[in-house]
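Following: one structure in structure tokens, then a few remarks.
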Amino acid sequence: MPLENMKVMLAKATAGRYAVGAFNVLDYNSAKAAVQAAEELRAPVILQTSAKTVTFWGSRTLMGWLRELTASSPVPVAVHLDHCKDLDLVKECIEAGWTSVMIDASAKPFEENLSLSRQVVEMARPRDVTVEAELGAIVGVEDDIHVKEQDSHLADPAQAAEFCAKVQPDCFAPAIGTAHGIYKGEPKIAYHILEKVAATTRVPIALHGGTGLSDEVFRRCIALGCAKVNISTQVKYAFIDGFVAYHNAHNTQYDPLKVIKAQFDEMKKGIAANIQLFGGVGKA
Ligand code: 13P
Numbered sequence: 009m010p011l012e013n014m015k016v017m018l019a020k021a022t023a024g025r026y027a028v029g030a031f032n033v034l035d036y037n038s039a040k041a042a043v044q045a046a047e048e049l050r051a052p053v054i055l056q057t058s059a060k061t062v063t064f065w066g067s068r069t070l071m072g073w074l075r076e077l078t079a080s081s082p083v084p085v086a087v088h089l090d091h092c093k094d095l096d097l098v099k100e101c102i103e104a105g106w107t108s109v110m111i112d113a114s115a116k117p118f119e120e121n122l123s124l125s126r127q128v129v130e131m132a133r134p135r136d137v138t139v140e141a142e143l144g145a146i147v148g149v150e151d152d153i154h155v156k157e158q159d160s161h162l163a164d165p166a167q168a169a170e171f172c173a174k175v176q177p178d179c180f181a182p183a184i185g186t187a188h189g190i191y192k193g194e195p196k197i198a199y200h201i202l203e204k205v206a207a208t209t210r211v212p213i214a215l216h217g218g219t220g221l222s223d224e225v226f227r228r229c230i231a232l233g234c235a236k237v238n239i240s241t242q243v244k245y246a247f248i249d250g251f252v253a254y255h256n257a258h259n260t261q262y263d264p265l266k267v268i269k270a271q272f273d274e275m276k277k278g279i280a281a282n283i284q285l286f287g288g289v290g291k292a
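Sequential numbering from 9 applies to the sequence shown in this note's numbering.
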């Protein structure tokens with residue numbers, strides 16, 4: 009089926025108290041792993057691309073692969089631009105066929121974040137493209153975005169309510185204590201903030217920093233309104249580890265297609281496990 013935006017899939021997930029897995033894909037192989045995992049589990053899926061990945065391959069090339077991979081897919085697939093600070097790139101992706109975009113102006117003062125996020129909604133809505141916006145600052149590294157511990161801060165529920173009322177995003181990413189990358193200690197999730205934000209904004213929430221969270225954290229966050237769960241670092245690790253493990257086990261066999269298949273299997277296994285954990289099985 010043709011690519012979808014996130015609106016219907018997130019509304020269904022919110023109503024059904026499960027979450028749609030949003031996986032950061034890097035190339036054709038990782039995107040194929042996510043699509044095949046979703047198809048086998050009859051689950052909706054979001055293929056996310058970082059701004060860095062779009063710039064690396066070029067938006068048309070990347071969208072060409074993603075369209076080809078999903079054209080005859082029986083499950084709903086959205087293609088989402090993750091954490092983008094650059095309005096020109098947002099515009100380029102919308103024109104190239106992305107069905108969803110994230111504006112990340114969370115490092116800006118509140119009024120500026122609000123204004124930039126609104127501009128993206130105005131750009132996207134006439135094209136039926138959904139918009140995710142962020143408030144607060146999520147600690148860690150997500151490609152080109154680096155937020156140090158001392159610069160991170162949680163979303164304020166009153167500001168979140170005002171932000172969502174004024175911006176009207178389709179999906180909202182409040183900083184609630186999760187982190188991009190590998191957790192160094194036990195994450196302290198601000199469930200009280202998540203609960204308040206979900207209840208007052210009534211916008212589906214995106215849970216960032218999914219890699220390394222426990223099953224219990226996922227379960228509680230999804231129950232409180234997280235309808236989209238972002239997984240990036242885990243895909244990156246599987247991409248590299250799948251390659252290295254295969255080569256170490258067959259270090260005289262220089263057969264790239266076998267290595268690519270090993271990477272694919274490793275990525276698909278992790279993605280499928282996450283889809284199951286988030287409750288997406290059979291929801292397509
Ligand atoms: P991780 O890299 O921690 O999985 O976070 C992914 C993410 O939130 C992408 O926006």
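Glycine included, C-beta positions come from ideal geometry on N, C-alpha and C.
All values derive from a computational prediction rather than experimental measurement.
Distance cut-off 7 Å: residue i Cβ against heavy atoms of the ligand 13P
i	result
D178	no
G105	no
E120	no
T63	no
E150	yes
D90	yes
G189	yes
T138	no
T32	Rather than Thr, the amino acid found at residue 32 in this sequence is Asn. Yes; taking the cut-off as 7 Å, the Cβ of N32 has a heavy atom of the ligand 13P nearer than that.
T57	no
H338	The question about residue 338 has no answer, for the chain in this structure spans 9 to 292.
H255	no
N282	no
H216	yes
Option in the options with minimal Cα separation from residue i
i	options	result
I184	T107, D223 and C234	C234
F64	D152, K116, N238 and M131	D152
Q167	D263, H258, D112 and P117	P117
A270	D263, K277, G250 and E130	G250
N8	L55, S222 and L89	In this structure the chain extends from 9 to 292, so residue 8 is not present and cannot be described.
K174	N121, G66, S67 and K266	N121
I146	Q127, K196 and S123	K196
P182	K192, V211, Y191 and K93	V211
Q242	V129, M275, A86 and P165	M275
H200	A113, D164, D223 and K99	D164
I239	A42, C179 and E203	A42
D223	E119, I283, R50 and A86	I283
DSSP bridge partner residues for residue i (one or two, in chain order)
i	result
K236	V28 and A214
K57	The sequence as given places Thr at residue 57; Lys does not occur at that position. DSSP output for T57 lists L89 as bridge partner(s).
S108	H88 and T138
E76	Per DSSP, none; premise fails for E76.
V252	Looking at the DSSP assignment, V252 forms no beta bridge with any residue, so it has no partner.
V205	Beta-bridge pairing links V205 to no other residue.
**Message:** At 3 residues or longer, what runs of the beta strand (DSSP E) sit wholly inside the segment 16-51?
**Reply:** Taking only runs of at least 3 residues, the beta strand (DSSP E) segments lying wholly in the segment 16-51 are 28-32.
**Asked** Using 8 Å as the threshold, is the segment 14-30 in touch with the segment 283-292, meaning 3 or more CB pairs across them?
**Response** A contact is defined here as three or more CB-CB pairs under 8 Å, and the segment 14-30 meets this definition with respect to the segment 283-292.
**Request:** Decide yes or no for the touch test of the segment 32-44 against the segment 215-229: beta carbon pairs closer than 8 Å, at least 3 of them.
**Result:** In short, these stretches do not touch, since the Cβ pair count stays below three.
**Request:** Pick out the complete alpha helix (DSSP H) segments inside the segment 118-153, 4 residues or longer, and give them in chain order.
**Result:** Entirely contained in the segment 118-153, the alpha helix (DSSP H) runs reaching 4 residues are, in chain order, 118-132.
**Message:** Within 8 Å, do at least three Cβ pairs link the segment 106-121 to the segment 139-147?
**Reply:** Yes: the two stretches touch, three or more of their Cβ pairs being nearer than 8 Å.
**Ordered list of alpha helix (DSSP H) runs contained in the segment 158-199, each at least 4 residues** = Those alpha helix (DSSP H) runs which fall completely within the segment 158-199 and span 4+ residues are 165-175.
**Prompt:** Are three or more beta carbon pairs between the segment 86-106 and the segment 64-74 nearer than 8 Å?
**Reply:** Yes: the two stretches touch, three or more of their Cβ pairs being nearer than 8 Å.
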